[in-house]
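S.K.: Before anything else, here's the structure in question.
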Amino acid sequence: MASTQPRVAAKQPTESKRKFSMQLRALVATIFGPWKFYSSIESKMKVAKISDRRADILQKMRTVDRKGTEIKQLQTETEALKIEIEANILSYSKSDCLKFASAFHNRLPRELRYMVYEHFISNLRSDLKIRSQDPIYYQHSKLLHIKDSNHYIFIADWVGLTVATEAAAYLYSQTQFRLLYAHQIDHFLKIPTNIFGYDLDPKTLIRSLELVVHYDKVAHWYKKSNSMLGANKKPDADGIREIRNTQIRSLNTLLGIKNIEGFRLIVLVNADRFELQSRVRALDVLKDIGPTLWRLKEKGMRIEVAQSYKFSFDIDNCFGGWLDGSLEQWETSIEERREMFAPTKNRMNVDKVLEDSVLSRAF
542 MASTQPRVAA
552 KQPTESKRKF
562 SMQLRALVAT
572 IFGPWKFYSS
582 IESKMKVAKI
592 SDRRADILQK
602 MRTVDRKGTE
612 IKQLQTETEA
622 LKIEIEANIL
632 SYSKSDCLKF
642 ASAFHNRLPR
652 ELRYMVYEHF
662 ISNLRSDLKI
672 RSQDPIYYQH
682 SKLLHIKDSN
692 HYIFIADWVG
702 LTVATEAAAY
712 LYSQTQFRLL
722 YAHQIDHFLK
732 IPTNIFGYDL
742 DPKTLIRSLE
752 LVVHYDKVAH
762 WYKKSNSMLG
772 ANKKPDADGI
782 REIRNTQIRS
792 LNTLLGIKNI
802 EGFRLIVLVN
812 ADRFELQSRV
822 RALDVLKDIG
832 PTLWRLKEKG
842 MRIEVAQSYK
852 FSFDIDNCFG
862 GWLDGSLEQW
872 ETSIEERREM
882 FAPTKNRMNV
892 DKVLEDSVLS
902 RAF
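Residues 542 to 904 in our numbering are what the sequence shown lists, from first letter to last.
Below, the structure written as structure tokens:
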């Protein structure tokens, strides 16, 4: 008879192992989501709590998005209201100014209106940082954008075309403009190119003009448009002759000024203060433009000629009195000054020649 071995009972898991298994499954359920490992009541309870927290967070995020959209909509509506308010204020201000300007023009005599315009022009000079006795550069960047500034006396939309035109005409008549190049004269005197865009004729308004004349320099735009000068190269003899002819033609344009009697023209011949050759070339310029200056003088124009240097305030009245005599005396004075600059023995040295530079405007 075969002997039989008694069966050994299967080992039951200990309580500690069972508890560890439940904790592990609950942890896995926490990490991987509520859709797996629902093997114990404990894990199901923890997963339920996580789902509630997720739902609460999602709800709050949706609320934040909704509130953000509402805020953006309110901001858009606020900006639209601001624009509408500013437009209404602008319209009201313009309407009120137009009424005031109309009464101003109709009730005040011209003399008092001119006093008001003078006040505004003083403010304009202050904004441009230009002293009352100094000229205003033609095509100054700020002057070109004057209609975009806060000088409303010159803007027809605010004061009406009549007052704006009268104020602009007064500025033209009371201002000494400075042109950096002679070939700007023609552009300056044309009606369509006046700085305000109104139907103003500078030839009938301006009473004083300051003009800088160079030996071989022209504006960049003029150099580009003239094939003889080229865009970048230094002018040769033919180019300099073309520059001089252009300067003479431009000076002759001043004969078209309506009230030429008593008109004041200041011609500044540019040179290098400490280079004798540059000052000799300035004498060449004076000799070439002399006949034209005499023609303007005979028409009644008051002409003053001076030497200008690098800075606008550095002006030397070394040609004072040269225009008082005849054209022949003018040419004689030029030749005498040229002799002073000649590098000959017993002639004046450089220091002596430069003593006539007074570094101040004499007129």
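For every residue, glycine included, the Cβ atom is placed at its ideal position computed from N, Cα and C.
In this text, all values refer to a predicted model and were calculated from it rather than measured experimentally.
Please report the straight-line C-alpha distance between Pro743 and Met881, rounded to a whole angstrom.
M.R.: 41 Å
S.K.: Would you mind working out which of Ile612, Arg805, Leu730 sits nearest Glu751, comparing C-alpha positions?
M.R.: Arg805
S.K.: Output the distance between the C-alpha atoms of Ile789 and Gly780, rounded to the nearest integer angstrom.
M.R.: 14 Å
S.K.: Starting from the Cα of Gln715, find the closest Cα among Leu817, Ala697, Glu872, Leu746 and give me that residue.
M.R.: Leu746
S.K.: Leaving aside the five residues before and after His646 along the sequence, list all residues of the same chain whose C-beta is less than 8 Å from its C-beta, in chain order.
M.R.: Arg654, Gly701, Thr703, Val704, Glu707
S.K.: Hey, is Ser663 close to the ligand GDP, as in C-beta under 6 Å from one of its heavy atoms?
M.R.: Among the components modelled here there is no ligand, and therefore nothing to report on the ligand GDP.
S.K.: Just the Cα atoms here: how many angstroms apart are Tyr693 and Lys670?
M.R.: 19 Å
S.K.: Are Val753 and Ile784 touching if we call contact CB-CB under 7 Å?
M.R.: no
S.K.: Taking 6 Å as the limit between beta carbons, can you name the residues of its chain near Arg822, skipping five residues before and five after?
M.R.: So the qualifying residues of the chain are Tyr756.
S.K.: Suppose you measure from the CA of Ile798 to the CA of Thr833; what does that come to, to the nearest Å?
M.R.: 15 Å
S.K.: Consult DSSP for Phe578 and reduce its assignment to one of helix, strand or coil.
M.R.: Legend: pLDDT at Phe578 = 46, less than 50; position of this residue unreliable, no value from coordinates given.
S.K.: Taking only three categories from DSSP, how would you classify Ile630?
M.R.: Residue state for Ile630 is assigned as helix, using DSSP reduced to three classes.
S.K.: For Met602, does the count of other Cβ atoms within 10 angstroms reach 16, so buried, or fall short, so exposed?
M.R.: exposed
S.K.: Contact check, Leu712 vs Ile662 under 8 Å by CB: the rounded distance?
M.R.: Taking C-beta atoms under 8 Å as the contact rule, Leu712 and Ile662 qualify, at a distance of about 6 Å.
S.K.: Span of the beta strand (DSSP E) holding Arg714?
M.R.: Correcting the residue identity first, residue 714 is Ser in this sequence and not Arg. Ser714 -> not in any beta strand (DSSP E); alpha helix (DSSP H) instead, spanning 697-715.
S.K.: Roughly how many whole angstroms lie between the Cα atoms of Phe729 and Gly861?
M.R.: 27 Å
S.K.: Alpha carbon to alpha carbon, how far is Leu599 from Gly609?
M.R.: 15 Å
S.K.: By alpha-carbon positions, which one of Cys859, Glu876, Phe854 ends up nearest to Gln674?
M.R.: Phe854
S.K.: Could you tell me the alpha carbon to alpha carbon distance between Glu802 and Lys840, rounded to whole angstroms?
M.R.: The straight-line gap from Cα to Cα measures roughly 7 Å.
S.K.: Inspect the beta-carbon positions of Ser819 and Asp825 and report whether they are closer than 7 Å.
M.R.: no
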